[in-house]
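Enquirer: Take this structure, written in structure tokens, and hold onto it; I'll ask about it next.
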Amino acid sequence: MKIKSLLIANRGEIAVRINETARKMKIKTFGIKTSKEPNALYLRLVDDVIDFSESLDEIPEFLDVERIIGAARSNKIDAIHPGYGFLAENPYFARRCEEENIIFIGPSASAIYMMGNKTIAKQIAQKYKVPLLQGSQGTVRNVREAAEIASGIGYPVILKAAAGGGGRGMRIVEKASHLEKMFKMATNEAEKAFKDPSLFIEKYVRNPRHIEFQVVGDRHGNYVHLGERECSIQRKHQKLIEESPSVALDENLRQEMGQAAVRIARAVNYYSAGTVEFLLDADRRFFFMEMNTRIQVEHPVTEMVSGVDLIALQIRTAEGQKLPFRQDEIKLTGWAIECRINAEDVQAGFSPNLGIIEKVSYPKGKNIRVDTGITDYSVITSYFDSMIAKLIVHADDREKAIAAASAALRKFWVRGIKTTIPFCQAVMNNKKFRKGDFNTSFIEKEMTKLFYNDEEDEMLAAYVAAFDFAAELETNRTTRPDFERGKNISPWVLNRRLKSL
Amino acid sequence: MLTRKKKKNEHEYIAVTPDDNKYVILDPFSEEMRINGHRREIKIFENEEGFTFLEYGNKKYLAEITDKNQNKYTVLLNGVSYSFIIESPISYRRRKYLEKFRHDSKLEVVTAPMPGKIVELLVEESSSVKEGDSILILEAMKMQNEIITQVAGKIKKINVKAGDTVTKDDVLLEILK
Chain A
700 MKIKSLLIAN RGEIAVRINE TARKMKIKTF GIKTSKEPNA LYLRLVDDVI
750 DFSESLDEIP EFLDVERIIG AARSNKIDAI HPGYGFLAEN PYFARRCEEE
800 NIIFIGPSAS AIYMMGNKTI AKQIAQKYKV PLLQGSQGTV RNVREAAEIA
850 SGIGYPVILK AAAGGGGRGM RIVEKASHLE KMFKMATNEA EKAFKDPSLF
900 IEKYVRNPRH IEFQVVGDRH GNYVHLGERE CSIQRKHQKL IEESPSVALD
950 ENLRQEMGQA AVRIARAVNY YSAGTVEFLL DADRRFFFME MNTRIQVEHP
1000 VTEMVSGVDL IALQIRTAEG QKLPFRQDEI KLTGWAIECR INAEDVQAGF
1050 SPNLGIIEKV SYPKGKNIRV DTGITDYSVI TSYFDSMIAK LIVHADDREK
1100 AIAAASAALR KFWVRGIKTT IPFCQAVMNN KKFRKGDFNT SFIEKEMTKL
1150 FYNDEEDEML AAYVAAFDFA AELETNRTTR PDFERGKNIS PWVLNRRLKS
1200 L
Chain B
-2 MLTRKKKKNE HEYIAVTPDD NKYVILDPFS EEMRINGHRR EIKIFENEEG
48 FTFLEYGNKK YLAEITDKNQ NKYTVLLNGV SYSFIIESPI SYRRRKYLEK
98 FRHDSKLEVV TAPMPGKIVE LLVEESSSVK EGDSILILEA MKMQNEIITQ
148 VAGKIKKINV KAGDTVTKDD VLLEILK
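Residue numbers (our numbering), protein chains in the order written: chain A, 700 to 1200; chain B, -2 to 174.
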């Protein structure tokens, strides 16, 4: 069935991204307006807005299954795209869409369920001979059971929420004496985040690389992988920089891992786009971690090197169309890097930097792409995650891609809040990162300074402060640059400025 | 663009960082401007979008004053914050003199490093802690963060309870060293 209208059940940059492709495909798009973000950018770009401003119940808007289904039905919308997060990996939501004859843009409810349940996912991986880490068979009931398993496989171990994702409900336990505290914290966090406190336990690989494979499938039994993404630059399990391809893989390993990813997809009749995550240890052995049954934040790096529009592919496979290519027709060219620009203060432990974006300007260029959900005067609230934009560059090789990313970061200007730009710049300028010598402990172990600046930057900043201070003191000066854009003007300065007009 | 005038009397400003780095800026508006005795050619300009930049040594720097309170400044340069107190030579000497009489406080005030919600308190009033102990769990952006004490001592006062929402820099508790 051809999709003519689409409800985007998400916000931010991914709502903008989905909208862009859908409109190109001549699909009428609907966005959801919430009282938390009534002036969000995506609402200006969609064809039609469905108003969820009035709060009906306690459930957050983008998690309210029946309200979203109801809105799709009453507006006679053909399909729903869940984006990432929220309802994207909720098998119940996918099933409800099916029941109501709404096309869910994603895999089947059963594929989501099987891959979302880590115990089942591991059993499938085992059955299809995809390497796994030692660990518990299923979830662990209590600390005592966890202790038994942990001493069996040896410390360090990692505790993970069975329903988890995105690093939440995850704790590394270095030795037996830490187990009880960590077990409690992980249970708490899992309960909060997923309403399911169950954990499982597995061997913890020190300093692995995080390598994931993009797979796509259709409803006709065709499966193709689009190569890997290297996502080892992480802080507290949150990815900050991603690239494709990875320096750690050669063509043999790429084919071996890609085929393993495809076996997982085939095992659950996976249609749509999905991601199979692996850990790669120092001896280049890989282990299955999990499969994410959704579009990923970092999908643009794959799009850049493969030339495939993954959102379009999701829509087409949801319509029942076949994949437009075979594995041997996939050609990956060049190197792509993505920097996540978050509203966070790197100098204050990456704490969220809420506020108003007073002004933003993006770098421009042929091989530069910026995916963003914000614009001038956008408000960054604590209701949603802190990512405001993704900067993606594409070049012939890794060295050129790093140089392009570094140059583009210097032309990415934001006023009003602090962002992770100086962090991303520090990574691009790090010698070990440039050499490709890094793993998931890179930030912790290799980055002595989490932001980039030159030796003379403090002096230049001192000049700005002294200049402004001096300008206020000197009564006869009327022309000076307005560093503060009208903020923080003391009454006597304002008075003097008005008089001088 | 701003115009620069030559002044007959030199004006001296001292920018001091929290680490006590000192920048002596002589005649900031003049062509002869000097920082710590060296001539520096720094241009300030605004682009058509309204961003302010410094130009120095063929490089462009995005600049913004993000906080200002009398002579206390926070400047954001290429996204990185720098704090200064601007002094005149006289006020600088006075401050140095007064600093000699200040001594270390016995009280450590623990503040929230980020906005969030208190999940659990791991200490009680009058309990003893040692350096590196976890004192409470703060949930921010759906991540649970352990707040750790940097000092050893006795908990004097707790200002929050489980379930409280706090903003950045709220005082969570006080520890008597």
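Ideal placement from N, C-alpha and C gives every residue a C-beta, glycine not left out.
Would residue 1093 of chain A be called buried (16 or more neighbouring beta carbons within 10 Å of its own) or exposed?
Expert: Mapped onto the first sequence, residue 1093 of chain A falls at position 394. By the neighbour-count rule (16 or more Cβ atoms within 10 Å), residue 1093 of chain A is buried.
Enquirer: Just list the beta strand (DSSP E) runs in the region 723 to 778 of chain A, keeping only unbroken ones of 3 residues or longer that don't cross its boundaries, in chain order.
Expert: 727 to 732, 747 to 750
Enquirer: Do you know how far the Cα of residue 41 of chain B is from the Cα of residue 793 of chain A?
Expert: Mapped onto the first sequence, residue 793 of chain A falls at position 94. Mapped onto the second sequence, residue 41 of chain B falls at position 44. Residue 793 of chain A and residue 41 of chain B: Cα-Cα distance of roughly 56 Å.
Enquirer: Quick one: using the 10 Å Cβ neighbour count with 16 as the cut-off for buried, is residue 94 of chain B buried or exposed?
Expert: Looking up residue 94 of chain B in the second sequence gives position 97. The residue is exposed, with fewer than 16 neighbouring Cβ atoms inside 10 Å.
Enquirer: List, in order along the chain, the chain B residues whose C-beta lies closer than 8 Å to that of residue 1046 of chain A?
Expert: Walking along the first sequence from the start, residue 1046 of chain A turns up at place 347. What residue 1046 of chain A touches in chain B: 77, 78.
Enquirer: Residue 851 of chain A to residue 900 of chain A, Cα distance in whole Å?
Expert: To locate residue 851 of chain A, count along the first sequence from 1; it is residue 152. To locate residue 900 of chain A, count along the first sequence from 1; it is residue 201. C-alpha separation (whole angstroms): 11 Å.
Enquirer: Residues of chain B with CB under 7 Å from residue 712 of chain A, in chain order?
Expert: Within the first sequence, residue 712 of chain A is the residue found at index 13, counting from 1. Correct list: empty, because the minimum Cβ distance to chain B is about 17 Å.
Enquirer: From residue 1007 of chain A to residue 1115 of chain A, what distance separates their C-alpha atoms?
Expert: By one-based count along the first sequence, residue 1007 of chain A stands at place 308. By one-based count along the first sequence, residue 1115 of chain A stands at place 416. Looking at the two C-alpha atoms, the distance is approximately 36 Å.
Enquirer: Mapping the DSSP letters down to three states, classify residue 707 of chain A as helix, strand or coil.
Expert: The residue labelled residue 707 of chain A in the question sits at position 8 within the first sequence. Residue 707 of chain A falls in the strand class under three-state DSSP.
Enquirer: To the nearest angstrom, how far is the alpha carbon of residue 1 of chain B from that of residue 27 of chain B?
Expert: Position 4 of the second sequence, counted from the start, is the residue given in the question as residue 1 of chain B. Position 30 of the second sequence, counted from the start, is the residue given in the question as residue 27 of chain B. Per-residue confidence for residue 1 of chain B stands at a pLDDT of 46, beneath the threshold of 50, marking its modelled position as unreliable; no derived number is given.
Enquirer: Give every residue of the same chain whose Cβ lies closer than 6 Å to the Cβ of residue 888 of chain A, excluding the five residues on either side of it in the sequence, and list them in chain order.
Expert: As a working note, residue 888 of chain A is residue 189 in the first sequence. Here the set comprises 867, 868.
Enquirer: Do residue 68 of chain B and residue 1166 of chain A have their CB atoms nearer than 8 Å?
Expert: Within the second sequence, the letter at position 71 stands for residue 68 of chain B. Within the first sequence, the letter at position 467 stands for residue 1166 of chain A. Against a cut-off of 8 Å, the Cβ pair of residue 1166 of chain A and residue 68 of chain B comes out as no contact.
Enquirer: Quick one: residues in its chain with C-beta nearer than 6 Å to the C-beta of residue 1067 of chain A, no 5 flanking neighbours on either side, listed in chain order?
Expert: Taking the first sequence and counting its residues from 1, the one referred to as residue 1067 of chain A is at position 368. The residues are 1092, 1107.
Enquirer: Thinking C-alpha only, which one of B:21, B:110, B:160, B:31 is nearest residue 116 of chain B?
Expert: Indexing the second sequence from 1 puts residue 116 of chain B at position 119. Answer by Cα proximity: B:160.
Enquirer: By how many angstroms is the C-alpha of residue 20 of chain B removed from the C-alpha of residue 4 of chain B?
Expert: Translated into positions along the second sequence, residue 4 of chain B becomes position 7. Translated into positions along the second sequence, residue 20 of chain B becomes position 23. For residue 4 of chain B, the predicted structure reports a pLDDT of 44, less than 50, and the residue's modelled location is therefore unreliable. A value from the coordinates is still provided. Distance between the alpha carbons of residue 4 of chain B and residue 20 of chain B: 20 Å.
Enquirer: Please classify residue 991 of chain A as buried or exposed, where buried requires at least 16 other C-beta atoms within 10 Å of its C-beta.
Expert: Translated into positions along the first sequence, residue 991 of chain A becomes position 292. The residue is buried, with at least 16 neighbouring Cβ atoms inside 10 Å.
Enquirer: For residue 1017 of chain A, tell me which candidate among A:916, A:1086, A:878 has the shortest Cα-Cα distance.
Expert: Your numbering for residue 1017 of chain A matches position 318 in the first sequence. Ranking A:916, A:1086, A:878 by Cα distance to residue 1017 of chain A puts A:916 first.
Enquirer: Between which two residues does the beta strand (DSSP E) harbouring residue 899 of chain A extend?
Expert: Along the first sequence, one-based indexing puts residue 899 of chain A at 200. First-last of the beta strand (DSSP E) with residue 899 of chain A: 898 to 902.
Enquirer: Please report the straight-line C-alpha distance between residue 12 of chain B and residue 953 of chain A, rounded to a whole angstrom.
Expert: Start at 1 with the first residue of the second sequence, and residue 12 of chain B comes out as number 15. Start at 1 with the first residue of the first sequence, and residue 953 of chain A comes out as number 254. A direct Cα-to-Cα measurement between residue 12 of chain B and residue 953 of chain A gives close to 55 Å.
Enquirer: Going along the region 151 to 168 of chain B in order, which residues come within less than 8 Å of chain A, judged by CB to CB distance?
Expert: 165
Enquirer: If you draw a straight line from the alpha carbon of residue 1003 of chain A to that of residue 1035 of chain A, how long is it in whole angstroms?
Expert: Position 304 of the first sequence, counted from the start, is the residue given in the question as residue 1003 of chain A. Position 336 of the first sequence, counted from the start, is the residue given in the question as residue 1035 of chain A. Cα to Cα, residue 1003 of chain A sits roughly 6 Å from residue 1035 of chain A.
Enquirer: For residue 170 of chain B, count the other beta carbons within 10 Å of its own beta carbon; 16 or more makes it buried, fewer makes it exposed. Which is it?
Expert: Locating residue 170 of chain B in the second sequence gives position 173, where the first residue counts as 1. Buried, by the Cβ-count rule.
Enquirer: Using only the alpha-carbon positions, how far apart do residue 820 of chain A and residue 788 of chain A sit?
Expert: Here residue 820 of chain A is taken as the residue at index 121 of the first sequence, counted from 1. Here residue 788 of chain A is taken as the residue at index 89 of the first sequence, counted from 1. Each residue's alpha carbon lies about 14 Å from the other.
Enquirer: Got a sec: is the Cβ-Cβ distance from residue 1130 of chain A to anything in chain B below 8 Å?
Expert: As a working mapping, residue 1130 of chain A is identified with position 431 in the first sequence. With 8 Å as the cut-off, residue 1130 of chain A does not count as an interface residue toward chain B.
Enquirer: Kindly indicate the opening and closing residues of the beta strand (DSSP E) around residue 1070 of chain A.
Expert: Residue 1070 of chain A sits at position 371 when you count from the first residue of the first sequence. Here the beta strand (DSSP E) through residue 1070 of chain A covers 1067 to 1071.
Enquirer: With 8 Å set as the bound, which would you pick, yes or no: does the beta-carbon of residue 25 of chain B sit closer than that to a beta-carbon of chain A?
Expert: The count along the second sequence starts at 1 and reaches residue 25 of chain B at position 28. Taking Cβ atoms only, chain A reaches closer than 8 Å to residue 25 of chain B, which makes this a yes.
Enquirer: Can a CB atom of chain A be found closer than 8 Å to the CB of residue 204 of chain B?
Expert: The question about residue 204 of chain B has no answer here: the residues shown for chain B are numbered -2 through 174.
Enquirer: Could I get the ranges of all uninterrupted alpha helix (DSSP H) runs contained in the region 1068 to 1125 of chain A, with 4 residues as the minimum, in chain order?
Expert: 1097 to 1109
Enquirer: Could you give the residue range of the beta strand (DSSP E) that holds residue 42 of chain B?
Expert: Along the second sequence, one-based indexing puts residue 42 of chain B at 45. Counting along the chain, the beta strand (DSSP E) containing residue 42 of chain B begins and ends at 39 to 43.
Enquirer: Which residue wins for smallest C-alpha separation from residue 849 of chain A, given the options A:833, A:860, A:861?
Expert: By one-based count along the first sequence, residue 849 of chain A stands at place 150. Nearest option by C-alpha distance: A:833.
Enquirer: I'd like to know whether the C-beta atoms of residue 1055 of chain A and residue 1073 of chain A end up nearer to each other than 8 Å.
Expert: The residue given as residue 1055 of chain A occupies position 356 in the first sequence. The residue given as residue 1073 of chain A occupies position 374 in the first sequence. Their beta carbons are not under 8 Å apart, which means residue 1055 of chain A does not touch residue 1073 of chain A by this criterion.
Enquirer: Please report the straight-line C-alpha distance between residue 1026 of chain A and residue 799 of chain A, rounded to a whole angstrom.
Expert: Here residue 1026 of chain A is taken as the residue at index 327 of the first sequence, counted from 1. Here residue 799 of chain A is taken as the residue at index 100 of the first sequence, counted from 1. In a straight line, the C-alpha of residue 1026 of chain A is about 34 Å away from that of residue 799 of chain A.
Enquirer: Quick check on residue 876 of chain A: does DSSP put it in helix, strand or coil?
Expert: For the purposes of this step, residue 876 of chain A is identified with residue 177 of the first sequence, where counting begins at 1. Note: residue 876 of chain A maps to helix in three-state DSSP.
Enquirer: May I have the straight-line CA-CA distance separating residue 148 of chain B from residue 1052 of chain A, to the nearest angstrom?
Expert: Residue numbering aside, residue 148 of chain B sits at position 151 when the second sequence is read from its first letter. Residue numbering aside, residue 1052 of chain A sits at position 353 when the first sequence is read from its first letter. When the Cα atoms are used, residue 148 of chain B and residue 1052 of chain A turn out to be separated by approximately 27 Å.
Enquirer: Could you name the residues of chain B that residue 1158 of chain A contacts, counting a contact when the two beta carbons are closer than 7 Å?
Expert: The sequence position of residue 1158 of chain A within the first sequence is 459, counting from 1. Those are 20, 32, listed as they occur along chain B.
Enquirer: At a Cβ threshold of 8 Å, is residue 993 of chain A touching chain B?
Expert: Position 294 of the first sequence, counting from 1, holds the residue named residue 993 of chain A. Residue 993 of chain A does not count as touching chain B.
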